[in-house]
Amino acid sequence: MVDRILILGGGVGGTLTANLLAKQLKRRIDAGQATVTVVDATGAHVYQPGFMYIAMGGEKAENLQKRERALLDKRVSLVTGVVDRVNETARTVGLTDGTVLPYDHLVLATGSRILPEAIEHFETEAHHFYSAEGAARLRTALDAFQGGTIVVGIASMPYKCPPAPLEVSFLIESELRERGLRAKTELHYCSPIGRAFTIESVSEMATPILEEKGIELHTFFNVETIDPERKVVESLEGEELPYDLLILVPPHKGAQFLIDSGLAPAPGGWLPTDRHTLKVGGRPNVYALGDATDLPLSKAGSTAHFEAPVVVEGIVAAVEGRAPAGKHAEYEGKVMCFFEIGDNKGTLLQFDYDHPPEPPKPNQLWHLGKLVFNKTYFHTVPKGRV
Amino acid sequence: MTEVAAAPTITRTIDARGSYCPGPLMELIRAIREGQVGDVLAVRSTDSGSRVDIPKWIEKAGHRLVGVETRDGFDEIVVEKVR
């Protein structure tokens, strides 16, 4: 029997899972007893955390992209195509071009997608940094900005890289000081919940920094409408904020085919995922990782990075006819990410299900750590070297 | 004769048990957006933060907190959409 392992998505989670499987199942793959295939819509692997640096740090879009094939182990097959449907009865995945791919083990690493169009006037009035194009457009707007009111907010939850809107606020504030525009600018930060950040300890760290930097915090601000005539963003809670420059995290959803295939509920499309085994909805052979899950964790590459070895152990154990074992038998919710504070300083958020982050005092080291990580990402994370 | 206000009839129950902060609040916000003025929504949550966060949000958003009750292993927060 051949174990056919099909991985949907060529981001951090899908690529790392494929490469770790290729390493651990090397003999079986070479003997024709197992196959590992990645399906990706574009065939390009994009380092999404770099988008923020297009807007804020002189990064270029071309540096943030590599061919997926170049990152994959030679034992992994790559199919470039758009998934249309998962047929669980037949154990197949259908692509929009008519290709049908059978599987025995399925990994859903399909990420999240942004939907700026879900909010009327978003695309003409608001800026974001969740795509290379959006971030470049924001950079142009910041270059043209000569003072006024900047509003940074979050259109809906959950969204990718939870610290990012706070980081952008801090970085913009620093930049405005350097450009001599700070005194001419009001800065507002809008949070959909009752504090600055979902995790309480991070909120306790970030709130005094917002105060020090003179960024006004608006809690329970869930973006409802944008009025382009009055240049006002209105919240569901009835608050109105005028803006000259509006920066909003766009609404996010999971992949539509997951909803269409009955794997994830509408409207969000987040996969119901076991917090320890990463199996989807109690299915024995379907796993999810990264942004695609409904787990109460950051939608971030780091999450996928730490989940991948658990998915790999689950599949290898099934292939070898044993129970998952060792340090990757279960996922404990580990996430680690750098957090920019501005003025060339940063901190680190490291946590799991049972241990909330205790961010160290911001310093230059963590800021430099983030820059080094950004530069070395393609050589380390997708290949399983860290 | 004393008139006693009857407890309003719950028109929709949102089962957010098992979801973590801010999941239950986000579920309620979605239901408020979809609902009509006069709807009475009950949110069920196992996250201990909900019994504090949700009433605070209800106050800020100008709706009416009907009640917070602790049931068998979860909290039920009832809100009336008033605008």
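Chains as they are written, first to last, in the working numbering: chain A, 1 to 386; chain B, 1001 to 1083.
Ideal Cβ positions, reconstructed from N, Cα and C, are used throughout, including at glycine.
- Annotation for R177 of chain A: the continuous alpha helix (DSSP H) segment containing it runs A164 to E178.
- For D244 of chain A, the secondary structure class from DSSP, reduced to helix, strand or coil, is coil.
- Assignment of H379 of chain A by DSSP, reduced to helix, strand and coil, places it in the helix class.
- Taking 9 Å as the cut-off, the Cβ atoms of L187 of chain A and G214 of chain A count as close.
- About 12 Å separates the CB atoms of L21 of chain A and A109 of chain A; that is not less than 8 Å, and the two are not in contact.
- Taking a contact as a CB-CB distance under 8 Å, the pair S1045 of chain B and A1016 of chain B counts as one, their CB atoms being some 5 Å apart.
- For P116 of chain A, there are no neighbours in chain B by C-beta distance under 7 Å, as the nearest C-beta there is about 18 Å away.
- Contact between the segment 294-313 of chain A and the segment 13-29 of chain A is present, with at least three C-beta pairs closer than 8 Å.
- Closest by C-alpha distance to R230 of chain A, out of A:H121, A:G14 and A:H105, is A:H121.
- When Cβ-Cβ separations below 9 Å define contact, M56 of chain A makes no contact with chain B.
- Annotation for A266 of chain A: I259 place their beta carbon closer than 8 Å to its own, counting only its chain and skipping 5 residues before and after.
- For A1042 of chain B, the closest Cβ of chain A is not nearer than 9 Å.
- Residue environment for G238 of chain A: exposed (fewer than 16 other C-beta atoms within 10 angstroms of its C-beta).
- Where Q33 of chain A is concerned, there is no enclosing beta strand (DSSP E), because DSSP gives it neither an H nor an E.
- One finds nothing in chain A with a Cβ atom closer than 7 Å to the Cβ of I1077 of chain B; even the nearest lies about 14 Å away.
- Excluding sequence positions up to five before and after S201 of chain A, its CB lies within less than 8 Å of the CB of P356, P357, E358 and P359, all in the same chain and listed in chain order.
- The beta carbon of G94 of chain A sits closer than 7 Å to the beta carbons of D84, R85, N87 and V100 from its chain, once the five residues preceding and following it are set aside; these are given in chain order.
- Contacts with chain B (Cβ-Cβ distance below 7 Å) from the segment 243-273 of chain A involve no residue at all.
- Pairing K160 of chain A with W270 of chain A, the inter-Cα distance amounts to about 13 Å.
- D97 of chain A and G81 of chain A do touch by the CB rule: their CB atoms are close to 6 Å apart, below 8 Å.
- Under DSSP, N363 of chain A forms a beta bridge with A:G346.
- In the DSSP annotation of this structure, the continuous segment of the beta strand (DSSP E) that includes Q65 of chain A starts and ends at Q65 to R67.
- Sequence-ordered contacts of the segment 222-244 of chain A with chain B read N222, L236, E237 and G238 [C-beta pairs closer than 7 Å].
- Among the residues facing chain A, P1022 of chain B is included, as its CB has a counterpart in that chain under 9 Å away.
- Put simply, the backbone Cα of I119 of chain A is about 29 Å away from that of E62 of chain A.
- CA-CA distance, I154 of chain A to A304 of chain A, rounds to 23 Å.
- Within chain B, C1021 and P1022 have C-beta atoms less than 8 Å from the C-beta of T198 of chain A, given in sequence order.
- Using a Cβ-Cβ cut-off of 7 Å, M157 of chain A is close to P1022 and M1026 of chain B, given in chain order.
- Out of A:R322, A:E330 and A:H252, the CA that lies nearest to the CA of A292 of chain A is found in A:H252.
- Bounds of any alpha helix (DSSP H) do not take in V107 of chain A; it lies within the beta strand (DSSP E) bounded by H105 to L108.
- Here DSSP, grouped into helix, strand and coil, assigns T42 of chain A to coil.
- At least one CB atom of chain A sits nearer than 9 Å to the CB of G1062 of chain B.
- Residue nearest to T89 of chain A within the set A:E59, A:L106, A:G268 and A:N374 is A:L106 (criterion: CA-CA distance).
- Excluding sequence positions up to five before and after V381 of chain A, its CB lies within less than 8 Å of the CB of V12, L16, G301 and H305, all in the same chain and listed in chain order.
- In the structure shown, the three-state DSSP call for F257 of chain A is helix.
- Going by C-alpha positions, P158 of chain A is about 19 Å away from V280 of chain A.
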